[in-house]
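Engineer:
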Amino acid sequence: MKRGQKTSISTPEEHPPVIRSDDHLTNAVRQAFDAIGSITPVEPPARSHLLALVADTADRQRKQLWRDLRLFTLLVLALCGCWLLGYTHAVLTILLFSTFLLSLFILPFVVLWTKEEGV
Numbered sequence: 859m860k861r862g863q864k865t866s867i868s869t870p871e872e873h874p875p876v877i878r879s880d881d882h883l884t885n886a887v888r889q890a891f892d893a894i895g896s897i898t899p900v901e902p903p904a905r906s907h908l909l910a911l912v913a914d915t916a917d918r919q920r921k922q923l924w925r926d927l928r929l930f931t932l933l934v935l936a937l938c939g940c941w942l943l944g945y946t947h948a949v950l951t952i953l954l955f956s957t958f959l960l961s962l963f964i965l966p967f968v969v970l971w972t973k974e975e976g977v
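Under the numbering used here, the sequence shown has 964 at position 106, and the numbering climbs by one with no breaks.
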């Protein structure tokens, strides 16, 4: 190195990806890339592609949550309708079925959603 020559620290990527997301998963992937980038340079196209994939997956999970909540709302409405019409055995059947659906499909998404939102 010549005398008077400035040293500079180079970053693994010149252009950061244009992904704006508040998802915990996206932030975790971004932090992992930053940690890996300090050891091995990560190519910008690969990084932005994976971050976009993670953001897309998070959006699909949110849409699935809202679909499941609409299904549960329809089941509750059916339960109320049967109760108002006096069909006790139908009320019990729908109640058991909706409890089964709630435990299998909706609660895991609600838990993820509340963790994501910080509730």
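Ideal Cβ placement from N, Cα and C applies to all residues, glycine included.
#1: Can you name, in chain order, every residue of its own chain whose Cβ lies under 8 Å from the Cβ of K933, other than the five neighbours on each side?
#2: According to DSSP, simplified to helix, strand and coil, what is G944?
#3: Is it buried or exposed, V912, if we count other Cβ atoms within 10 angstroms and call 16 or more buried?
#4: Please report the distance separating the alpha-carbon of A916 from that of Q922.
#5: Would you call the CB atoms of Q919 and L970 closer than 8 Å?
#6: Whole angstroms are fine: how far does the CA of D926 sit from the CA of L937?
#7: How should L909 be labelled, buried or exposed, when 16 other C-beta atoms within 10 angstroms of its C-beta is the threshold for buried?
#8: Can you give me the Cβ contacts of A948 inside the same chain, cut-off strictly under 8 Å, excluding the 5 residues immediately before and after it?
#9: Can you tell me which of D914, L943, F930, Q889 puts its alpha carbon nearest to the alpha carbon of V968?
Structural biologist: Concretely, from the data shown:
#1: Lys is not the amino acid found at residue 933; the sequence shown has Leu there. The answer, listed in chain order, is I952, F955, S956, L959.
#2: Coil.
#3: Its Cβ being crowded by 16 or more others within 10 Å, V912 is buried.
#4: Approximately 10 Å between the Cα atoms of the pair.
#5: Their beta carbons are under 8 Å apart, which means Q919 touches L970 by this criterion.
#6: Spanning the two alpha carbons is a distance of roughly 17 Å.
#7: L909 comes out buried.
#8: If we look at A948 and ignore the five residues flanking it on each side, its Cβ neighbours are C940.
#9: Per the Cα distances, F930.
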